[in-house]
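What follows is a set of notes on a single structure, which appears directly below.
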Amino acid sequence: MTHRNSLGRALFLTLAVVLPALGANPVYTAANAPMTPPLEDLALCGSVSRHGITWRFADKARVGRFVNGDYYVVGPVTVASVEPAPAKGRNQSCLNLPVTSVGASPFDSRVAGGRGKVGAKLRAAFPLEMKPGDALISSISTQPRSIPDFLRPSDKNLSPVGSVSILTCLAEPAPADAFRPSYGDRAQTLYLARNLRRELLPGLPRDGLEFRHEQGPIELADFAAHFERPWLDICFFHFDAPAQYQVQYGREGGRAVGIAALLLCLDFTPEELEPLLVNVVQYGVDLWGVVRAGSRGWQAHGGHGTGRKLPIVFAGLMLGDPEMAAPTKAFPKLRFGEDMQTMFDNGWTGAKAVYAGHVGKGGVKGKADWGAYEHLPPAEWPGRLGENYRRCCTSVAWVGQALAMRLLHAEKPWNHDAFFAYVDRWMTEDDTGHIEQIKKAKGWDYSASWQRQGQAWDPFVNHMWALYRNHLPPAPDGHADPPAEGTWR
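Quick look at the structure:
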């Protein structure tokens, strides 16, 4: 277990031996940083429960909590059983989930595409020995298509996994402001909330904003709750994403992280922001651990690859970790959908920032319309797949992300200028004449309001764009970045 930017271990004296209660997140800073408790002051427990999952130990063990409320146990320890009990391919657990097993899911045999059956070999059996460095992910199964999808409640989530919780085994106690190590990080890097650079959050006025997503209200506490439990991003296409709180499609993932980051840029009090801040940073820490463990990232594939880069960049900025804040500089071959699907080229509309295609510029052999096409006039387009997804499932989910990164002056660590230029183009280029040209050349009609450029998916993001895209707050050094809205031309 390694501490990042730790102030060091200090003696923590207390007369009570209790588990810290969940509640409002304290705002830990260097001035009120919690001390690391000695082992004997941790609660001695025979079991712990988190979000409906109970782990029972063969012998009582010392248990503590991370800043997001997840439990750790000081090991080694034997987990005798878990509830709900695994049975008939349901309610399964996995010890040290392999982060490169994109074709397998251990949590439920019904996971789509055969991934649940292939993942059977990854399932944990109880009693289970845990040692420091281990992370046990346990799940609660649900009936597919029974839970409204987050940010898309008119759709029912397809996943048979309802929820997951993570029990981490450490070698020694951790301070109360430690983030849970990523489930992909066997070295168990500990990041500390006392080091969060909250001064980077601009605190923009929220008066008059329309706090609505496409199908309902946006509430700070609701978003914090949706990010409180672990989001799993190993099984591509979200086939086993926990249905109770995680999105089932990358487009909604992009919307969710964009909205969350924009909420964190508003003038709520630090105490009000802290639960969402902690939970979004924890998501970024989880993804960063997956990347460092060897994942190649989340490639472009329609809307599926969207939404994972922002949490990593955001967490790196907040924690003052320059490598995490600029993941594609640290790992040049790392893939993110937003970057693979945007590039600079001579577009047929006169734009220089263009959509790079369904899976990015190179496309797929044998699939003529999966690659770049905007450099061609519509009459020469090999198919309509790229333009369909450009308008339905990608661009509309990128607006909040791009705006949040601009508000935080994170364009340089993001390290892909074409993404920001393309989003500016999407929001400002008048496509009225272009739609007419496409229809004349191919007969394809993109005139429906939901297919048009100039909008994000969610009213809140549209309103934030109108207010702040050309009125960015000053950069941390006191100098405002230029708007640069014309770089797409």
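In our numbering, the protein residues as written are 593 to 1081.
Cβ atoms here follow ideal geometry from the backbone N, Cα and C, with glycine treated the same way.
Every value quoted in this text rests on a predicted model; they were computed, and no experiment measured them.
Asked, Found
"Where residue 901 falls, given that 16 or more other Cβ within 10 Å makes a residue buried", "buried"
"Reference residue 852, options 862, 831 and 811, closest by Cα", "811"
"Reduced DSSP category for residue 956 - H, G, I as helix; E, B as strand; rest coil", "strand"
"Within 8 Å, strictly: CB atoms of residue 749 and residue 817", "no"
"Residues of its chain near residue 1049, where Cβ-Cβ distance is below 7 Å and the 5 sequence neighbours each way are ignored", "806, 847, 988 and 989"
"Contact test: residue 852 Cβ vs the ligand COA heavy atom, cutoff 7 Å", "The ligand COA is not part of this structure, which contains no ligands at all."
"Cβ shell of residue 880 (< 6 Å), same chain only, five flanking positions each side left out", "904 and 916"
"Beta bridge counterpart(s) of residue 722 as assigned by DSSP", "669"
"Contacts around residue 927, its chain only, beta-carbon distance under 8 Å, and the 5 residues preceding and following it disregarded", "888, 889, 890, 891, 892 and 897"
"Residues of its chain near residue 702, where Cβ-Cβ distance is below 6 Å and the 5 sequence neighbours each way are ignored", "708 and 752"
"Local Cβ density within 10 Å of residue 960, reported as buried at 16 or more and exposed below that", "exposed"
"Span separating the alpha-carbon of residue 997 from that of residue 650", "47 Å"
"Per-residue burial, residue 785 [other beta carbons within 10 Å of its own, 16 or more giving buried]", "buried"
"Reduced DSSP secondary structure (H/G/I, E/B, other) of residue 872", "helix"
"Helix, strand or coil at residue 760 according to DSSP, with G and I counted as helix", "strand"
"Buried or exposed (CB count within 10 angstroms, at least 16 for buried), residue 1045", "buried"
"Within 8 Å, strictly: CB atoms of residue 643 and residue 774", "no"
"At least three beta-carbon pairs within less than 8 Å, the region 667-675 to the region 650-659", "yes"
"Option nearest residue 1029 by Cα separation, candidates 883, 826, 1058 and 968", "968"
"Proximity of residue 586 and residue 754 at Cβ, strictly below 8 Å", "The structure shown does not extend to residue 586, since the chain is modelled only from 593 through 1081, so no value can be given for it."
"Where the alpha helix (DSSP H) through residue 1086 begins and ends", "The chain is shown from 593 up to 1081; residue 1086 falls before or after that span and cannot be answered."
"Closest residue to residue 768 among 787, 1064 and 776 (Cα-Cα distance)", "787"
"Close Cβ partners of residue 790 (< 7 Å) along its chain, the five nearest in sequence each way excluded", "862"
"Contact set for residue 715: own chain, Cβ-Cβ below 6 Å, skip 5 residues either direction", "684 and 698"
"For residue 910, the first and last residue of its enclosing alpha helix (DSSP H)", "901-911"
"Three CB pairs or more closer than 8 Å across the region 941-948 and the region 1010-1019", "yes"
"Alpha helix (DSSP H) segment containing residue 801, residue limits", "Note, residue 801: premise wrong, no alpha helix (DSSP H); not H, not E."
"Where residue 726 falls, given that 16 or more other Cβ within 10 Å makes a residue buried", "buried"
"Where residue 732 sits in the DSSP three-state scheme", "strand"
"Close beta carbons around residue 1026, own chain, < 6 Å, minus the five adjacent residues each side", "941"
"Neighbourhood of residue 1079 by C-beta, 6 Å cutoff - its chain only, sequence neighbours within 5 removed", "1013"
"Selected residue, minimal CA-CA separation from residue 1006, among 823, 920 and 675", "920"
"Nearest-angstrom Cα separation, counted from residue 823 out to residue 565", "The question about residue 565 has no answer, for the chain in this structure spans 593 to 1081."
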